[in-house]
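Novice: This is the structure, below, for whatever I ask next.
There are 4 protein chains.
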Amino acid sequence: MPSKHQDIFSASLLLFAEKGFDATTIPMIAKTANVGAGTIYRYFKSKDDLVNELFQRYVSEFLTCIQNGFSNQTTGFRERFHYIFNGMVKFRKNHPHALSFIKKHSQGDFLTAESRNRYKRLLDVISVFLEEGKAEHMIRPLNKEVLIAILIGGFMEVCELIENQQVEETETLLLGVEESLWSALSM
Amino acid sequence: MPSKHQDIFSASLLLFAEKGFDATTIPMIAKTANVGAGTIYRYFKSKDDLVNELFQRYVSEFLTCIQNGFSNQTTGFRERFHYIFNGMVKFRKNHPHALSFIKKHSQGDFLTAESRNRYKRLLDVISVFLEEGKAEHMIRPLNKEVLIAILIGGFMEVCELIENQQVEETETLLLGVEESLWSALSM
Amino acid sequence: MPSKHQDIFSASLLLFAEKGFDATTIPMIAKTANVGAGTIYRYFKSKDDLVNELFQRYVSEFLTCIQNGFSNQTTGFRERFHYIFNGMVKFRKNHPHALSFIKKHSQGDFLTAESRNRYKRLLDVISVFLEEGKAEHMIRPLNKEVLIAILIGGFMEVCELIENQQVEETETLLLGVEESLWSALSM
Amino acid sequence: MPSKHQDIFSASLLLFAEKGFDATTIPMIAKTANVGAGTIYRYFKSKDDLVNELFQRYVSEFLTCIQNGFSNQTTGFRERFHYIFNGMVKFRKNHPHALSFIKKHSQGDFLTAESRNRYKRLLDVISVFLEEGKAEHMIRPLNKEVLIAILIGGFMEVCELIENQQVEETETLLLGVEESLWSALSM
DNA sequence: GATGAATGAGACTTCATTCAT
DNA sequence: GATGAATGAAGTCTCATTCAT
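The structure is reproduced here in structure tokens:
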């Protein structure tokens with residue numbers, strides 16, 4: 063695997079997360095990645111292509127992290143939520159900036175159908191959990207989109223605080239946030 | 063009555079909320095507002111100026127909506143929260159797209175010191191409520207930035223759903239969201 | 063004669079002389095003349111038209127001033143030069159900024175054939191004097207264009223100094239300049 | 063050898079000299095230089111930057127040409143004037159259009175402090191010569207600004223004639239002009 | 001007649017993308 | 001394969017000119 067590809071990926075993630083797609087220029091990425099501007103076009107067809115590949119990759123990894131919790135086949139909903147939350151936290155740790163990036167770009171006009179699909183699949187996995195919870199009266203009887211909005215909206219906002227270093231990530235903090243979000247969802 | 067000014071304001075709000083500052087071009091705004099591109103510059107010094115005026119105006123109105131609840135000098139925290147939430151809901155109704163706009167642009171590089179200040183003042187008002195609640199053990203003992211992130215992050219995300227018509231705004235929905243968010247904050 | 067016409071004329075002269083044609087905008091002229099921008103178009107077909115009318119008028123007046131000296135039918139060349147020089151000085155006094163204006167705009171692309179013609183006629187009058195002087199070995203045997211360049215170039219440059227108040231216009235100064243320029247021309 | 067840089071420089075010099083800064087557009091320069099419009103911005107930060115670089119370079123070269131005459135440490139004023147004049151002529155030959163350019167832009171609003179300074183230094187060198195000459199009663203007792211205006215104003219105007227091919231540059235012509243200007247300055 | 005709000009052509013400038021080296 | 005100089009489409013903004021009031 064050519065290292066340049068990874069360098070470009072990392073630089074893009076960082077810059078897109080920080081400044082957003084439009085405010086990030088190809089020369090910026092090239093400089094941050096220590097490659098020539100033209101080199102980027104060896105690995106990605108276009109800037110749109112680059113952002114879509116990034117988006118798809120990190121959305122998929124996020125999904126994986128969340129699903130890893132499920133594979134345990136735990137039964138209690140509170141426990142399943144714990145695994146989901148843990149997955150989200152682990153993802154955030156393994157991929158700093160990735161959540162900011164996903165949050166900032168999930169509505170972008172540049173996203174392809176495939177990218178939107180991947181994102182939808184991510185939300186679907188959470189939906190399933192929530193719907194099952196609703197069926198067993200463990201989760202509030204709210205529209206699943208709304209529940210996801212509260213969960214993801216709140217969590218991502220907290221992640222941005224951490225990534226912007228406005229708040230320090232501690233065990234206590236995470237436990238508190240987890241409990242808060244669980245309360246928001248559960249009956 | 064300077065109708066054009068209002069037309070430009072409305073068109074900008076709509077487009078900025080939908081596509082974001084960078085992805086919205088002056089010709090787009092002009093076309094949506096049914097004015098010539100040059101006309102925009104009779105009313106606003108620059109695109110940056112326009113976005114800042116929009117931002118300040120709606121942040122201030124948002125603040126007003128929230129503070130109107132307080133003037134009642136209610137004592138119970140749950141009740142105070144109800145008024146805050148109501149203020150937010152009323153604001154959303156009076157100014158469709160304004161919340162999406164604020165959410166999407168509150169971190170923009172183009173924001174002036176004054177704009178950032180106004181936004182900070184908005185958060186401060188909520189902070190005061192939360193800190194008082196924490197002092198009386200009504201609100202979870204989490205960092206206030208985190209509490210705000212959960213409250214605002216969740217609420218704004220729900221608003222986007224409504225504005226994108228992915229969810230219908232009903233009395234039941236709002237009550238459910240209010241209860242969910244209160245649970246997220248309260249002990 | 064409507065006073066507005068004169069107001070616009072004066073304001074234009076001042077601004078064109080100071081900043082040049084391109085750097086002077088119609089709104090600037092309107093403001094300086096205390097009229098609306100649209101009013102200018104009642105009196106002049108276009109900005110080009112305005113600058114051409116100004117140019118023609120002041121070149122013609124300059125020509126008149128110079129020719130007034132000749133009408134005396136003096137015979138000595140030094141004396142005729144004195145009258146020419148006096149005419150130039152008088153013109154400068156009656157029309158501050160007009161010489162700067164003429165100097166700065168005599169090569170402009172916006173000048174019409176008629177404007178160029180008037181300017182040429184001005185130079186021609188001086189040419190005649192110089193050619194006659196050359197014929198009588200009173201004036202240096204240089205190309206007439208060159209003699210004019212030295213005379214007009216030097217004189218105009220001195221006028222700009224006076225108009226920019228880098229030098230005070232005194233009797234002594236004028237006598238000195240006249241003598242200097244006569245020496246430049248005469249044998 | 064960055065040929066494009068030179069191409070842009072030459073094209074700019076030509077167009078600025080002919081039409082002036084304001085009337086010269088970037089597309090014009092690009093077309094004349096046979097480069098894309100964007101290319102100009104690889105070499106110059108802005109149009110203002112371009113004109114200032116041009117100005118400083120040619121003013122400095124002009125100064126060098128004039129000072130080369132002085133290094134001979136000649137004693138007679140007439141002889142020193144000859145070297146100055148020769149320097150000016152040589153500069154004109156090496157850099158066609160540069161004198162027209164300098165003349166037309168020496169009062170521009172776009173000039174930076176550094177550009178103005180360079181120009182002032184050029185005039186200062188001539189001033190020193192003139193002041194020394196005045197002290198020894200070789201040069202007319204006129205304000206030095208006025209003397210410079212006559213010398214430079216006359217010379218530059220003649221140069222424009224040559225560059226516009228309204229007059230042919232011959233040895234005889236130059237001797238005549240030199241003599242004429244010397245007469246204008248000397249007692 | 002007088003005004004100035006409105007317009008859009010065109011200016012300067014940026015930046016995604018290509019291609020010769 | 002890697003580079004970055006070169007390009008031109010497109011963005012922001014200005015300003016001569018028009019026209020409803």
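Chains as they are written, first to last, in our numbering: chain Z, 63 to 249; chain F, 63 to 249; chain D, 63 to 249; chain B, 63 to 249. Glycine included, every Cβ here is placed at the ideal spot set by N, Cα and C. These numbers come from a predicted model, not from an experiment.
#1: Can you tell me which of D:195, D:125 and D:215 puts its alpha carbon nearest to the alpha carbon of residue 165 (chain B)?
#2: Using a beta-carbon distance below 9 Å, is residue 209 (chain F) in contact with chain Z?
#3: Could you tell me the distance, in whole angstroms, from the CA atom of residue 149 (chain D) to the CA atom of residue 193 (chain B)?
#4: Please name the residue in B:66, B:74 and B:248 whose C-alpha comes closest to that of residue 159 (chain B).
#5: Got a sec? Which residues, its chain only, sit under 7 Å from residue 118 (chain F) by beta carbon, not counting five neighbours each side?
#6: Please name the residue in B:65, B:67, B:68 and B:83 whose C-alpha comes closest to that of residue 171 (chain D).
#7: Answer yes or no: does any C-beta atom of chain D fall closer than 9 Å to that of residue 81 (chain B)?
#8: Under 6 Å Cβ to Cβ from residue 189 (chain F), same chain only, skipping five residues before and after it: list those, please.
#9: Can you list, in chain order, the residues of its chain whose CB lies under 6 Å from that of residue 244 (chain Z), leaving out five sequence neighbours each side?
#10: To the nearest whole angstrom, what separates the beta carbons of residue 105 (chain F) and residue 70 (chain F), a pair I think is in contact under 8 Å?
#11: Please tell me whether residue 116 (chain D) and residue 163 (chain D) are closer than 9 Å, where the distance is taken between their beta carbons.
#12: Compare the Cα-Cα distances from residue 169 (chain F) to each of F:114, F:238 and F:221 and report the closest residue.
#13: When you compare the segment 121-128 of chain D with the segment 77-95 of chain D, are there three or more beta-carbon pairs, one atom per stretch, that lie closer than 8 Å?
#14: List, in chain order, every chain F residue whose beta-carbon is nearer than 8 Å to that of residue 246 (chain Z).
#15: Of all the CB atoms in chain F, is at least one closer than 9 Å to the CB of residue 98 (chain Z)?
#16: Taking 9 Å as the threshold (beta carbon to beta carbon), is residue 205 (chain F) in contact with chain Z?
#17: Extract the residue ranges of the alpha helix (DSSP H) inside the segment 86-124 of chain D, only unbroken runs of 4 or more that lie entirely within it.
#18: Would residue 199 (chain D) be called buried (16 or more neighbouring beta carbons within 10 Å of its own) or exposed?
#19: Could you tell me whether any Cβ in chain B is nearer than 9 Å to the Cβ of residue 149 (chain D)?
#20: In three-state terms, what does DSSP make of residue 78 (chain D)?
#21: Under 8 Å Cβ to Cβ from residue 98 (chain F), same chain only, skipping five residues before and after it: list those, please.
#22: When the distance is taken between beta carbons, is residue 211 (chain D) closer than 9 Å to residue 219 (chain B)?
#23: Listed from N- to C-terminal order along the chain, which residues in the segment 222-234 of chain D have their beta-carbon within a distance smaller than 8 Å of any beta-carbon of chain B?
#24: Using only the alpha-carbon positions, how far apart do residue 223 (chain D) and residue 235 (chain D) sit?
#25: For chain B, find out if any of its Cβ atoms is closer than 9 Å to the Cβ of residue 175 (chain D); answer yes or no.
#26: At 7 Å on the CB atoms, spell out the chain Z contacts of residue 85 (chain F), in chain order.
#27: Could you tell me the alpha carbon to alpha carbon distance between residue 187 (chain F) and residue 127 (chain F), rounded to whole angstroms?
#28: To the nearest angstrom, how far is it from the Cα of residue 68 (chain D) to the Cα of residue 182 (chain D)?
#29: Do residue 87 (chain F) and residue 76 (chain F) have their C-beta atoms within less than 9 Å of each other?
#30: Quick one: Cα of residue 112 (chain D) to Cα of residue 154 (chain D), how far?
#31: What does DSSP give as the partner residue(s) for residue 201 (chain F) in the beta ladder?
#32: Can you tell me where the alpha helix (DSSP H) holding residue 209 (chain F) begins and where it ends?
#33: Does DSSP put residue 144 (chain B) in a helix, a strand or coil?
#34: Quick one: list the residues of chain F neighbouring residue 180 (chain Z), beta-carbon separation under 7 Å, in chain order.
#35: Looking at chain B, is there any beta carbon in it that lies within less than 9 Å of the beta carbon of residue 140 (chain D)?
#36: Could you give the residue range of the alpha helix (DSSP H) that holds residue 162 (chain D)?
Specialist: Concretely, from the data shown:
#1: D:215
#2: yes
#3: 30 Å
#4: B:74
#5: 176, 177 and 180
#6: B:83
#7: yes
#8: 206
#9: 143
#10: 6 Å
#11: yes
#12: F:114
#13: no
#14: 212, 216, 242, 243, 245 and 246
#15: no
#16: yes
#17: 88-95 and 99-105
#18: exposed
#19: no
#20: helix
#21: 92
#22: yes
#23: 222, 223, 228 and 229
#24: 12 Å
#25: no
#26: 84 and 171
#27: 12 Å
#28: 26 Å
#29: no
#30: 21 Å
#31: F:248
#32: 206-225
#33: helix
#34: Those do not exist, as residue 180 (chain Z) stays about 18 Å from chain F at its closest Cβ, beyond 7 Å.
#35: no
#36: 160-167
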